[in-house]
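Here the structure is laid out as structure tokens; the discussion comes afterwards.
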Amino acid sequence: MTSFVIEGGEPLVGHVRIGGAKNAALPACVASLLTEDPVVLHSIPQLRDVSTILYMLGALGKRVVRHESNVSVATGGGLKPEANAYSVGQMRASFLVLGPLVARLGRAVVPLPGGCAIGARPVDLHLDGMRSLGAYVEEREGVVVVSAKKLVGATIHLPFPSVGATEQITMAACLAEGETVIHNAAIEPEVMDLIDLLIKMGAQIAVSDRMIRIVGRSSLGGAEHTLIPDRMEAGTLLLAGGITGGSVSVSPVVPEHLGAFLLALRAAGLDVEIDGATVTARCVSRPIGIELQTSPHPGFPTDLHPPMAALLTTAKGTSWIAESVFERRFAYTESLRKMGARIVQDGKMISIQGVDRLIGQFVEAPDIRGGAALLLAGLAAQGRTVITGLHHLDRGHANLETKLKSIGARIERREEAT
Ligand code: UD1
-19 MTSFVIEGGE PLVGHVRIGG AKNAALPACV ASLLTEDPVV LHSIPQLRDV STILYMLGAL
41 GKRVVRHESN VSVATGGGLK PEANAYSVGQ MRASFLVLGP LVARLGRAVV PLPGGCAIGA
101 RPVDLHLDGM RSLGAYVEER EGVVVVSAKK LVGATIHLPF PSVGATEQIT MAACLAEGET
161 VIHNAAIEPE VMDLIDLLIK MGAQIAVSDR MIRIVGRSSL GGAEHTLIPD RMEAGTLLLA
221 GGITGGSVSV SPVVPEHLGA FLLALRAAGL DVEIDGATVT ARCVSRPIGI ELQTSPHPGF
281 PTDLHPPMAA LLTTAKGTSW IAESVFERRF AYTESLRKMG ARIVQDGKMI SIQGVDRLIG
341 QFVEAPDIRG GAALLLAGLA AQGRTVITGL HHLDRGHANL ETKLKSIGAR IERREEAT
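The sequence shown maps to residues -19 to 398 in the numbering used here.
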């Protein structure tokens, strides 16, 4: 069993370098399926999810060369339509191969996805989108078989601005005949980064408000692209400074990507300074309770809800968080309560009554972002916290303990035989 052992209570002070965004890396790697030419990506984070998607591309017939944070994906021995069940079971983003495979080969066989257990997370919007583009979709025993002689552009209204469905439909539409318009599309920075890459590959895409217009092409070419910085990693590290009473700066970041989050930090009483691609958050006094609601970008990001909740457990007064994206985001609250936090859940809302301090405990990370919340709580808590379930944290955070140690955290990764 692998665990983090944290001796809490140390104020974290210093600068941390932010890596490329996991949620931009995954669709960018998948986009390489849309072309026979090489796609070269820089700033690829060293994460298990990225290894999973690259392994999957290799199994689909791509030739993948990875060196540090650079990846080149080129044509290998010919593309196959069947996706590997292991990869899709590990991670929901693997399901994105569906649209590009159908667009290139006229057929895809993809198992239904796995990933973090943070809610029902169906793929109906992905499949409805493929049907709108003229594909025939069959679901049999946990596998989706999608076929189309050709994809034809369509007007699609998403009932919810799903990140994955927007990426899926956009990629497929790049090689469809005619024009596709997606209304109520997701406009998360990671979706925009994928669109930037697709445009470099020759796609014709325009975005205005929540509408994405794609004019299909018969083929796309290769491209070279540097991923955007990871706003979730940046947010988590800024909170590590805040919750420990310290001061942390992060770069490179795109401050606009963190807009709603930085507003919430300021509302909680932190001193936030933006200087180009560097953001610094200083804890000048005990944070104060706030109210916030998660929502699609440009709203407060659901992935930063659990880490933000960790900060608020020791804030002065009461905070409220309403979760509007994933219904089961609250799995982390039980462990925070074990550490002394006063959290009450009522449906999709929690109230947090701030306490003077948290106490170290044995806890288990329930998912990527819930794990980050426990880690932050452990850094602030009195005494020792041991966190298991690190496979979740490792899916989303590269070299986390090294980065935290560099700003003064007392944290060790411990491997123990079970
Ligand atoms: C992506 C991010 C994830 C983030 C989420 C919301 C990646 C790899 N992951 O996940 O970190 O938390 O966006 O910002 O980029 N839904 C449906 N039917 C569908 C698709 C989605 O009902 O076909 C629902 C989901 O159950 C969820 C909501 O829509 O309640 C949001 O999901 P979505 O935006 O698709 O998130 P992901 O792309 O899975």
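A virtual CB, placed ideally from N, CA and C, is assigned to each residue, including glycine.
- A Cβ-Cβ contact shorter than 8 Å links A8 with L21.
- Inside the region 203 to 249, DSSP marks whole beta strand (DSSP E) runs of 3 or more residues at positions 203 to 206 and 227 to 231, from first to last along the chain.
- For T150, the three-state secondary structure derived from DSSP is helix.
- Ranking I268, P281 and G158 by CA distance to the CA of K296 puts I268 first.
- Close CB contacts of L34 within its chain, under the 7 Å cut and outside five residues either way in sequence, are with C9, V44, R46 and V51 (chain order).
- For the pair V126 and G58, the Cα-to-Cα distance works out to about 19 Å.
- With fewer than 16 other Cβ atoms from the protein chains shown falling within 10 Å of its own Cβ, M(-19) counts as exposed.
- One thing to note: N3 has its Cβ within 8 Å of the Cβ of E170.
- Here L218 is not near L243, since their CB atoms are 8 Å or more apart.
- For the pair G320 and V335, the CB atoms are nearer than the 8 Å cut-off.
- The C-alpha of E(-13) is placed about 21 Å away from the C-alpha of A378.
- Of the heavy atoms belonging to ligand 1, at least one sits nearer than 7 Å to the Cβ of E170.
- Using a 10 angstroms sphere on the CB of P286, the tally of other CB atoms reaches 16 or more, which defines it as buried.
- In the structure shown, the three-state DSSP call for M191 is strand.
- In this structure, T282 has its beta carbon less than 7 Å from a heavy atom of ligand 1.
- Sequence-distant Cβ neighbours of L107 in its own chain, meaning closer than 6 Å and more than five residues away, are V117.
- When C-alpha distances from H137 are compared across D347, V161, S227 and K130, the shortest belongs to V161.
- Put simply, the region 202 to 215 touches the region 228 to 235. At least three CB pairs are less than 8 Å apart.
- For S74, the shortest separation between its Cβ and any heavy atom of ligand 1 does not lie below 7 Å.
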